[in-house]
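Single-structure report; data block below.
Right, here's the structure in full:
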């Protein structure tokens with residue numbers, strides 16, 4: 015049984031499709047010049063749809079590529095290998111993403127499924143069958159013999175308190191959701207009776223996410239996951255590059271935004287590129303910058319908007335990939351391992367994922383360590399020695415890997431000045447006031463990005479937010 019089935023069995027969540035964008039181009043009403051800040055998926059989606067509706071669109075992007083936190087590495091890998099440094103999965107529930115994947119004719123490759131292992135409390139073992147006790151110490155009453163079922167019971171009880179997450183006033187319109195907003199996921203779990211062992215087991219499965227806002231992560235659990243993870247064949251960056259090809263010279267790369275100001279008639283955007291400083295005047299602006307780099311921009315925002323920009327935290331996240339000479343884990347001493355979730359750990363390595371099914375050559379393998387929070391910070395703290403440290407750790411976690419690890423790619427997102435972290439996340443007590451503050455326009459400036467969506471951290475959230483601001487501008 016997959017996680018979505020379990021969660022739906024635990025709690026019924028109102029499901030609604032967010033409003034999409036009409037595919038028929040239309041004439042822009044009134045002032046039609048829009049400047050879009052950032053060529054990540056949120057900004058690209060907004061720019062693409064506004065262009066199709068007849069708007070004069072300019073996109074400013076500080077980097078020399080589109081995609082933002084959708085970034086695919088290919089250099090240093092043999093035989094067409096690639097590694098997703100950012101967004102990695104698309105589920106069948108991600109209707110916004112899938113719409114453009116289909117529109118641009120991009121093929122999808124499903125991830126393999128298979129047997130998973132764990133390394134927790136110094137013990138290495140296979141994922142126990144449902145109803146079989148886990149070989150760990152410190153479980154609380156009622157958590158054995160099926161701690162996975164207990165995890166979903168706790169998650170389901172939280173999801174039942176969310177109410178309709180698609181309500182425009184959510185979470186403030188739902189008292190029980192406001193109550194959840196006061197918790198981290200860890201504190202909510204403990205208040206529901208979860209032992210530290212159960213939480214560590216959960217982190218080994220899902221990443222070190224205990225400090226996430228409980229209401230935000232439970233809403234994401236309710237809407238984001240499906241049963242069939244996929245990725246774009248050859249690399250997820252093919253989606254932003256398809257948007258960029260459609261927009262053409264409307265995108266100005268190597269153009270860093272340094273100032274946003276406005277009056278009752280227009281928006282003025284100051285930026286600098288290799289030739290100097292410039293200003294663009296437009297009728298509307300779509301700000302699709304993560305709030306971390308936006309904090310470096312001189313703006314005239316006030317009130318809750320300014321507070322949200324100053325406050326939103328960006329979560330530490332890192333990936334370290336190794337291409338392998340073979341798929342040696344299929345002959346693991348515990349038994350054949352496989353699937354995207356190869357081994358979950360309580361070490362700095364976080365989770366070892368297997369993306370070999372997405373590779374061009376069926377003989378070579380591709381594995382990665384995917385790290386959150388303190389694990390990502392610990393990895394970054396090893397400096398120039400961190401890849402070597404991870405190589406040693408992976409060799410200890412996966413017997414048979416010695417001599418197998420060849421090409422490597424890594425990304426520490428909190429070190430990226432244009433991201434500031436993996437994704438935006440609220441602390442306890444912040445979601446109720448910050449969600450509307452992040453989403454609402456400020457005069458002629460509209461805000462997009464995964465941080466403004468229920469699908470936090472997902473491509474689907476970035477794209478949904480780009481469609482939302484398009485609708486705002488069409489209605490203005």
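Residue numbers (the working numbering): 15 to 490.
Glycine residues also receive a C-beta, built at the ideal position from the N, C-alpha and C atoms.
Quick caveat: nothing in here was measured; it's all calculated off a predicted structure.
The secondary-structure analysis by DSSP pairs residue 126 with nothing; it has no beta-bridge partner. Pairwise C-beta distances place the stretch 278 to 292 out of contact with the stretch 57 to 71, as fewer than three of them are shorter than 8 Å. Note: residue 425 is bridge-paired with 333 in the DSSP secondary-structure output. With fewer than 16 other beta carbons inside 10 angstroms of its own, residue 149 counts as exposed.
Under DSSP, the beta-bridge partners assigned to residue 301 are 51 and 461. Residue 377 and residue 371 have their C-alpha atoms spaced approximately 10 Å apart.
Positions of the beta strand (DSSP E) runs, each at least 3 residues long and wholly inside the stretch 309 to 360, are given as 331 to 338 and 355 to 359 in order along the chain. Residue range 473 to 489 is occupied by the alpha helix (DSSP H) that includes residue 479.
Within the same chain, Cβ atoms closer than 8 Å to the Cβ of residue 433 are found at 82, 83, 304, 306, 307, 328 and 427, the five residues on either side in sequence being excluded.
As the crow flies, the alpha-carbon of residue 440 is around 13 Å from that of residue 321.
For residue 476, the closest alpha carbon among the candidates 318, 241, 283 and 110 is that of 110. Residue environment for residue 421: buried (at least 16 other C-beta atoms within 10 angstroms of its C-beta). Here residue 74 has 51, 266, 269, 271 and 285 as same chain residues with Cβ atoms under 6 Å from its own Cβ, once five neighbours each way along the sequence are excluded. Look at residue 202 here: in three-state DSSP terms it is helix. Taking the Cα positions, residue 190 is about 10 Å away from residue 196. Note on geometry: alpha-carbon atoms of residue 366 and residue 130 lie some 10 Å from one another. Beta-bridge partners of residue 77 (DSSP): none assigned. Residue 97 sits in a strand when the DSSP states are folded into three classes. The C-beta of residue 147 has fewer than 16 other C-beta atoms within 10 Å across all chains shown, which makes the residue exposed. In the structure shown, the three-state DSSP call for residue 383 is strand. Distance from the CA atom of residue 250 to the CA atom of residue 113, rounded to whole angstroms, is 14 Å.
Fully enclosed alpha helix (DSSP H) runs of no fewer than 4 residues occupy 210 to 220 and 228 to 238 of the stretch 203 to 250, in order along the chain.
Inter-segment contact for the stretch 406 to 421 and the stretch 342 to 358 is present: three or more beta-carbon pairs are separated by less than 8 Å. Residue 242 and residue 188 have their alpha carbons spaced roughly 31 Å apart.
Residue burial is scored here from C-beta neighbours: residue 326 has at least 16 other C-beta atoms within 10 angstroms and is therefore classed as buried. Under the DSSP assignment, residue 140 falls in the beta strand (DSSP E) whose first and last residues are 137 to 140. Contact check for residue 295 against residue 282 passes: the beta carbons are separated by less than 8 Å. Separation of residue 173 and residue 480 (C-alpha to C-alpha, rounded to the nearest whole angstrom) is 26 Å. The alpha carbon of residue 351 has as its nearest neighbour, out of 66, 68, 71 and 132, the alpha carbon of 132.
Looking at the backbone, the Cα of residue 102 and that of residue 444 are separated by about 28 Å. By the CB criterion at 8 Å, residue 49 and residue 487 fall outside the cutoff. The three-state secondary structure of residue 69, taken from DSSP, is coil.
With a threshold of 16 other beta carbon atoms within 10 Å, residue 175 meets it and is buried. Per DSSP, the continuous beta strand (DSSP E) segment holding residue 290 begins and ends at 290 to 296. Residue 360 and residue 117 have their alpha carbons spaced roughly 41 Å apart. In the DSSP annotation of this structure, the continuous segment of the alpha helix (DSSP H) that includes residue 400 starts and ends at 400 to 411.
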